[in-house]
Amino acid sequence: MKIVLASDHGGFELKEEIKAHLIKKGYDVIDIGVKDTQSVDYPDYGKRAALMVAGQEADRGIVVCGTGIGISIAANKVKGIRCALCTNEYMARMSRMHNNANMLALGGRVVGRGLALDIVDAWLSAEFEGGRHEIRINKIMDIENSKDEEK
Ligand code: RB5
């Protein structure tokens, strides 16, 4: 599985921990930055990672900012993206099983390394259940498509 990773300065350290963890587990990781803690704008990184997932250059995306809020909001503006901000393993599991989340957002200033890596593992190992949840995902996609029609 190919996973794109991105963060702003607030998520840099956690992003690096996640990268090392995923590489050790044998995942194919694409790190699109940042490379240090110099201040940047999280929408730039959330958008780039989301476009790679939407464009199928990556199977999944994991994005990190200080809280996880800004970068998840930015990623969710890209059509086809369901980016779930998770602070525990239950949310991570459910975001896959019920919401078919194709991106995960974490807050580098919110969760510690151990919890964050458990969240990542839970998110990567859970599968979408489909069925009634598929109907709901289709309704989300209808919202995206109706926005296009309004333009
Ligand atoms: C940067 O200071 C901070 O605002 C950002 O990392 C993030 O928390 C925004 O949602």
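Just remember that the numbering used here sits 4 ahead of the position in the sequence shown, which is counted from 1.
Ideal placement from N, C-alpha and C gives every residue a C-beta, glycine not left out.
Bear in mind the structure is a predicted one, so any value in this text is a computation, not a measurement.
By a beta-carbon distance limit of 8 Å, Ile36 contacts Ala10. Their separation comes to about 5 Å. Checking the 7 Å criterion, the Cβ of Cys69 is within range of a heavy atom belonging to ligand 1. In the three-state DSSP reduction, Val124 falls in the helix class (H, G or I). The alpha-carbon separation between His25 and Tyr46 amounts to approximately 23 Å.
With a threshold of 7 Å, the Cβ atom of Gly84 does not count as near ligand 1, since no heavy atom of the ligand is closer than that. Taken through DSSP and simplified to helix, strand or coil, Met145 comes out as helix. In this structure, Arg117 sits near Glu21, with a CB-CB distance shorter than 8 Å.
The beta carbons of Arg97 and Ala130 sit closer together than 8 Å.
In this structure, DSSP gives Ile66 an extended state, which the three-state scheme calls strand.
For the stretch 30-88, the continuous beta strand (DSSP E) assignments of 3+ residues that do not extend past its boundaries occur at 32-35, 64-69, in sequence order. At a cut-off of 7 Å, the beta-carbon of Asp48 does not count as near ligand 1: no heavy atom of the ligand is closer than that. In this structure, DSSP gives Met5 a state outside helix and strand, which the three-state scheme calls coil.
In chain order, Tyr46, Pro47, Gly50, Lys51 place their CB closer than 7 Å to the CB of Ala78, counting only its own chain and leaving out the 5 sequence neighbours on each side.
Just so you know, the alpha carbons of Thr91 and Phe16 end up roughly 17 Å apart.
Placement of the Cβ of Asp152 at a distance of 7 Å or more from every heavy atom of ligand 1 is found.
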